[in-house]
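End of the sequence shown sits at 225 in the numbering used here; the numbers just go up one at a time, nothing left out.
We put the beta carbon where it would ideally sit given N, CA and C, even for glycine.
What follows is a single structure, written as structure tokens, with notes after it.
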Amino acid sequence: MLCNSTNHIILSASKDNKFELVLVGKIMDRKVGDVIAFQDWPNFRPNLTPREIFMEGSFGGTYWKPIFSKVISQDLSKQHLEFKRWWKDIDDCFLIGESYNKRINKYGVSCGTGLEMWETKGWIREQDPYGWVQWYCRFFAGRRSPDDGRQVRRWLAFAGPMGRFRIQLINKVIAANSTFDDEGVSPVIRQSLQHWAYRLNITDYEERALQKWKSSVDGRGEFEH
1 MLCNSTNHII LSASKDNKFE LVLVGKIMDR KVGDVIAFQD WPNFRPNLTP REIFMEGSFG
61 GTYWKPIFSK VISQDLSKQH LEFKRWWKDI DDCFLIGESY NKRINKYGVS CGTGLEMWET
121 KGWIREQDPY GWVQWYCRFF AGRRSPDDGR QVRRWLAFAG PMGRFRIQLI NKVIAANSTF
181 DDEGVSPVIR QSLQHWAYRL NITDYEERAL QKWKSSVDGR GEFEH
């Protein structure tokens, strides 16, 4: 089922995990940055679809390039074709580039680490040898797995309401006395958040900025009588 509203969409998987056929073709008209809510995981609320992550320019264009996965001891290639319909009109240099090109990235900066480091840290599971975004693509398409809880917790830790990347970016915007969408404020963090399917919006910015202001006022005792 796919339900649209002015500022978010709600997705729920069918029993056979095949709602991909329902949402592909309809979701392409959504506004980038609209919140995505999953009925079975209400605390997981990214606001970029898998298509938008790559359409906007991410991972220096190399995320889906051929790899040797140490996790499953296998050469892998053409894995992006699992979601072929999502990549319509997206050039291969945004998906399977051989070498990292920061000019591909939306914010024109390099950020993040490579697959080898992710594997060394134990962040990669056999079911998704390319990492978190591959998991997100499959989750978005309807698959549910025992690894979902861990992957959602990772998202919350980085890009959720109290996620360190989101909080850091908001604090930097406040310190710069700028606006939530000023791409000149910490483009590296903005690019990193995009890799986690999130873009700072005015609602999230103002909510956190208000909390920060209230905390500072309370700390000065200005609410005391």
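Express the C-alpha separation of residue j and residue i in angstroms, rounding to a whole number.
i	j	result
I170	R30	25 Å
L115	V71	11 Å
I167	L95	29 Å
G108	K78	26 Å
V188	C93	21 Å
E119	V217	44 Å
N105	T62	10 Å
N177	A37	31 Å
K65	E56	17 Å
G184	R103	15 Å
G112	W213	31 Å
S110	R85	28 Å
E206	D181	12 Å
G97	R143	27 Å
Does DSSP put residue i in a helix, in a strand, or in coil?
i	result
F44	coil
L200	coil
F59	helix
L76	strand
V173	helix
F180	coil
E209	A quick correction: the sequence has Ala, not Glu, at residue 209. Three-state DSSP puts A209 in a helix.
V35	strand
S69	strand
D218	helix
K88	coil
S99	coil
S110	coil
W123	coil
Residues in the same chain with beta-carbon distance under 7 Å from residue i, minus the five sequence neighbours each way, listed in chain order, please.
i	result
A209	I170, I174
W132	Q151, R154
Y52	The question names Tyr, yet the displayed sequence has Glu at residue 52. Closer than 7 Å at Cβ, skipping near neighbours: V32.
N101	G60, G61
Q127	S145, D147
Y136	P50, A197
Taking buried to mean at least 16 other C-beta atoms within 10 Å of its own C-beta, is residue i buried or exposed?
i	result
S215	exposed
Q194	buried
M162	exposed
D234	Residue 234 cannot be examined here, being either before or after the span of the chain that is shown, 1 to 225.
P129	buried
D204	buried
S186	buried
D89	exposed
T49	buried
Q211	exposed
Just to confirm my understanding: we take residue i, look at its own chain, exclude 5 residues before and 5 after, and list those with CB closer than 8 Å. What are they?
i	result
V152	W41, N43, F44
A159	P46, F165, R166, L193, W196, A197, Y198
W123	G131, W132, R154
W292	The requested residue 292 is not part of the displayed model; the chain covers only 1 to 225.
A157	G163, R164
Less than 6 Å between C-beta atoms, sequence neighbours within five positions excluded: which residues of the same chain meet that for residue i?
i	result
F68	D75
R190	Y107
R125	D147
F83	C137
S58	Q194, H195
N201	G33
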